[in-house]
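Asks: As you go down the protein sequences, you meet chains C and B in turn. In terms of the working numbering, the first sequence opens at residue 0 and continues consecutively. In terms of the working numbering, the second sequence opens at residue 0 and continues consecutively. A single structure is presented below for examination.
There are 2 protein chains.
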Amino acid sequence: MVKIGDKIKVFAPATVANVACGFDVLGFAIDQPGDELDLEITAEKGVRIKDITGDGGVLPREAEKNSAAVAILEFLQHINADFGCDIVIHKKMPSGSGLGSSAASAVAGVFAANSIFGAPLSKEELLPFLLSAEDAACGSAIADNVAASLFGGFILVRSYEPLEVIQLPIPEKLYATVIFPHLTVLTKEAREILPKEIPLKDSLRQSANLGGLIIGLQTSDYGLISRSLKDYIAEPYRSKLIPGFDDLKKAITANGGLGGSISGSGPSVFALSTDKDIALKIGEEMAKIMKARNIDSDIYVSKVNTQGPKVIE
Amino acid sequence: MVKIGDKIKVFAPATVANVACGFDVLGFAIDQPGDELDLEITAEKGVRIKDITGDGGVLPREAEKNSAAVAILEFLQHINADFGCDIVIHKKMPSGSGLGSSAASAVAGVFAANSIFGAPLSKEELLPFLLSAEDAACGSAIADNVAASLFGGFILVRSYEPLEVIQLPIPEKLYATVIFPHLTVLTKEAREILPKEIPLKDSLRQSANLGGLIIGLQTSDYGLISRSLKDYIAEPYRSKLIPGFDDLKKAITANGGLGGSISGSGPSVFALSTDKDIALKIGEEMAKIMKARNIDSDIYVSKVNTQGPKVIE
């Protein structure tokens, strides 16, 4: 039984959403970065943010505007908990990075709460709280980042009503490179830059490639994955918000990568490869391209993270 | 070696294109109906249509407007044939049926020609001629019907430039029911009724379902196939051209079918099921619904046809 003063520390991974041809419906988790969250059970009900580290003071400290606090609060209400909790969030990626920052915090929060209460709910049952959290933090209840961070792996959000998330198989050799250039692209701004209506032709091309990517993942057909990594919907607009984007894309194929695109709403950019050395090389080259523009960046290379959140203390 | 007077008779299957969530990119072949074509080698070059049976005199007899003749002519030019041919086309479905009528004739034609010349070209190499044929007959070079009829099975057209067609696995229990109500919906008219631009939201829902259907086919997950058989793009508009459409759809689920939608541009409607008896029952009920509206119809029930065209004489 949980009691006042019980503590837990949890890690939840960053995620790459959209994945070129899967706007708002595809996502995958990576090993690093990821947010950490300390949770302590309190007698007082509700959720209080005691501190947020690593955000430069940017994130709101009010519980109702914070994705982790919103998710935890919904969880506590759902299980009729007699307790509340204090949390400290350790941000390892800024909001506006395109790496599912709010999602990682929310997943860490709700996974911490569920774990400390003895896991009364399944991951599937936690998902609705995470959608509320995304809505509170980003103004839209999009499931791709939260589902990828929560379940780990490569996911397809097949439907929102009802919510259905499908895990896709991950080919053995697949490596991801992610560059986070130190620029901020706000999700809201990146959404507003997109047209509300798109040519039917682009919709068809996009969905054919989504089909191709899924088949490629299912059958470990790296050539097919490569040919399918195209985005006709968001990239043409959002790439304008990322200086040097065309050069980053060229660096992917020039160094033997399968392809890539904007991660989430940017400015992070991801690449997929079939080899760790290629993935590292792409990261190096991308960092150079940004450096030449006087933009610092972080590079992350890993396989797809299949574990999702984990208790670290 | 082929010589003057050599003859061949070929069958090519009808096809269901779009398949609810795969507008212009998905298609599958069925056992019946299908067009037959007689081809005879002549000394005179070019292609001559000696007769078309079963079309009520509707189809053009000029070679350059006929899908079969166009496809054969392109083939003959490609292989620098020293001969020409006379053809007789036996239509088993009218044009404007939504069953890929022009595609079946074209596939029968080009497969007959390739076969009689000793199969110098692979099916993949025949595909471009079939696109030209579709363009000549329907005014648009869409590959879903021709690829499904040519390769058989369930196909995804991943890309047009370059053309890439992917075969999807077919779950063992899958049965198709097709009703062809004796109404005419011209492909051109059915295309013009569609908006040129669609809401981004609909594009996402559609492509998520295409992903779901592909995963369902890959994993024989009939529940997922059922949930994914939704069309947000064409059905809302084209269903208005089919009297009783809502009742037909209700008959599918009411009788245990997985789901269905308009076949191609209609007026034919398809359903998928996991059992032959269910598939037959759905066909019966659909025919009754049309009969109550004084519309005669043909019902076809089969597994997905995996063979494609075949030489019958």
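For every residue, glycine included, the Cβ atom is placed at its ideal position computed from N, Cα and C.
So with CB distances below 7 Å, who are the chain C contacts of Asp23 of chain B?
Replies: In chain order: Leu203.
Asks: Using a beta-carbon distance below 8 Å, is Ser219 of chain C in contact with chain B?
Replies: For Ser219 of chain C, the answer is no, since every Cβ of chain B falls outside 8 Å of its Cβ.
Asks: Could you tell me which chain B residues have their CB closer than 7 Å to the CB of Lys319 of chain C, listed as they occur along the chain?
Replies: No information on residue 319 of chain C is available, as it lies outside the stretch 0 to 312 that chain C covers here.
Asks: Please confirm whether Val24 of chain B and Val145 of chain B have their CB atoms less than 8 Å apart.
Replies: Not closer than 8 Å, so no.
Asks: Ignoring anything shorter than 4 residues, give me the alpha helix (DSSP H) runs that lie fully in the region 185–224 of chain B, in order along the chain.
Replies: Fully enclosed alpha helix (DSSP H) runs of 4 or longer: 186–191 and 199–218.
Asks: Taking the straight line between their C-alpha atoms, what separation do you get for Ala250 of chain B and Met285 of chain B?
Replies: Cα to Cα, the separation comes out at about 7 Å.
Asks: Between the beta-carbon of Ala68 of chain C and the beta-carbon of Val46 of chain C, is there less than 8 Å?
Replies: Going by C-beta atoms, Ala68 of chain C is nearer than 8 Å to Val46 of chain C.
Asks: Note the first and the last residue of the continuous beta strand (DSSP E) segment covering Gly26 of chain B.
Replies: Segment Leu25 to Thr41, the beta strand (DSSP E) holding Gly26 of chain B.
Asks: Between Ser227 of chain B and chain C, is any beta-carbon pair separated by less than 8 Å?
Replies: By this cut-off, Ser227 of chain B is an interface position.
Asks: Taking 8 Å as the CB-CB limit, is Val87 of chain B close to chain C?
Replies: False, the Cβ-Cβ gap to chain C never drops below 8 Å.
Asks: Taking C-beta pairs closer than 9 Å, name the residues in chain C that Arg157 of chain B reaches, listed in chain order.
Replies: By Cβ distance, chain C contributes Ala207, Asn208, Gly210, Gly211, Ile214, Leu223, Arg226 and Ser227.
Asks: How about Gly307 of chain B and Gly99 of chain B: do their beta carbons lie closer than 8 Å?
Replies: Contact: no.
Asks: In whole angstroms, give me the CA-to-CA distance for Pro349 of chain B and Ala140 of chain B.
Replies: Nothing about residue 349 of chain B can be read from this structure; chain B reaches only from 0 to 312.
Asks: Can we say the region 6–25 of chain C touches the region 203–223 of chain B, given the rule of at least three CB pairs closer than 8 Å?
Replies: Judged by Cβ distances under 8 Å, the region 6–25 of chain C makes contact with the region 203–223 of chain B, as three or more pairs qualify.
Asks: Take the Cβ of Pro235 of chain B as the centre, count every other Cβ of all protein chains shown within 10 Å, and call the residue buried at 16 or more, exposed below.
Replies: With fewer than 16 Cβ atoms within 10 Å of its Cβ, Pro235 of chain B is classed as exposed.
Asks: Taking the straight line between their C-alpha atoms, what separation do you get for Ile29 of chain C and Val303 of chain C?
Replies: About 5 Å.
Asks: Around the C-beta of Ile3 of chain B, are 16 or more other C-beta atoms found within 10 angstroms, so that it is buried, or is it exposed?
Replies: Per the 10 Å Cβ criterion, exposed.
Asks: Assign His89 of chain B to one of three DSSP states: helix, strand, or coil.
Replies: Correct three-state label for His89 of chain B: strand.
Asks: Can you tell me whether Asp81 of chain B is buried or exposed, with buried defined as 16 or more other CB within 10 angstroms of its CB?
Replies: Exposed is the call here.
Asks: Measuring alpha carbon to alpha carbon, tell me which residue in C:Gly53, C:Ala105, C:Gly255 and C:Gly138 is nearest Ser66 of chain C.
Replies: Of the listed residues, the one whose Cα sits closest to Ser66 of chain C is C:Ala105.
Asks: Out of curiosity, what's the CA-to-CA distance linking Ala233 of chain B and Glu196 of chain C?
Replies: Looking at the two C-alpha atoms, the distance is approximately 15 Å.
Asks: Rounded C-beta distance between Ala142 of chain C and Gly108 of chain C? I'm assuming under 8 Å.
Replies: Contact doesn't hold; Cβ gap of about 16 Å is too wide.
Asks: Listed from N- to C-terminal order along the chain, which residues in the region 230–263 of chain B have their beta-carbon within a distance smaller than 8 Å of any beta-carbon of chain C?
Replies: From the region 230–263 of chain B, only Ile232 have a Cβ closer than 8 Å to chain C.
Asks: Return helix, strand or coil for Glu283 of chain B, following the three-state DSSP convention.
Replies: Helix, per DSSP.
Asks: Check each candidate in B:Asn208, B:Glu63 and B:Val57 and name the one with the smallest Cα separation from Pro161 of chain C.
Replies: If we check each option's Cα against that of Pro161 of chain C, B:Asn208 comes out closest.
Asks: For Lys275 of chain C and Gly210 of chain C, what's the separation of their Cα atoms in angstroms?
Replies: Distance between the alpha carbons of Lys275 of chain C and Gly210 of chain C: 26 Å.
Asks: Checking the sheet assignment: what are the DSSP bridge partners for Lys248 of chain C?
Replies: Per DSSP, none; premise fails for Lys248 of chain C.
Asks: So, using beta-carbon positions, are Thr273 of chain C and Leu247 of chain C closer together than 8 Å?
Replies: Contact flag unset, no.
Asks: Which residues does DSSP pair with Ile178 of chain B in a beta bridge?
Replies: For Ile178 of chain B, which the question treats as bridged, DSSP gives the partners B:Val268 and B:Ile298.
Asks: Note down, in chain order, all residues in the region 162–177 of chain B with a beta-carbon under 8 Å from any beta-carbon belonging to chain C.
Replies: Per Cβ criterion, the list reads Glu163, Ile165 and Leu167.
Asks: Might you give, ordered along the chain, the residues of its own chain that have their beta carbon closer than 7 Å to the beta carbon of Pro168 of chain C, omitting 5 neighbours on each side?
Replies: So the list reads Leu216 and Gln217, once near-sequence residues are dropped.
Asks: Identify whether Gln76 of chain B lies in helix, strand or coil by the three-state DSSP scheme.
Replies: DSSP places Gln76 of chain B in helix when its eight states are reduced to three.
Asks: Buried or exposed for Glu39 of chain C, going by 16 or more other Cβ atoms inside 10 Å?
Replies: So Glu39 of chain C counts as buried.
Asks: Can you give the Cα-Cα distance for Ser227 of chain B and Ile288 of chain B, rounded to whole angstroms?
Replies: Each residue's alpha carbon lies about 25 Å from the other.
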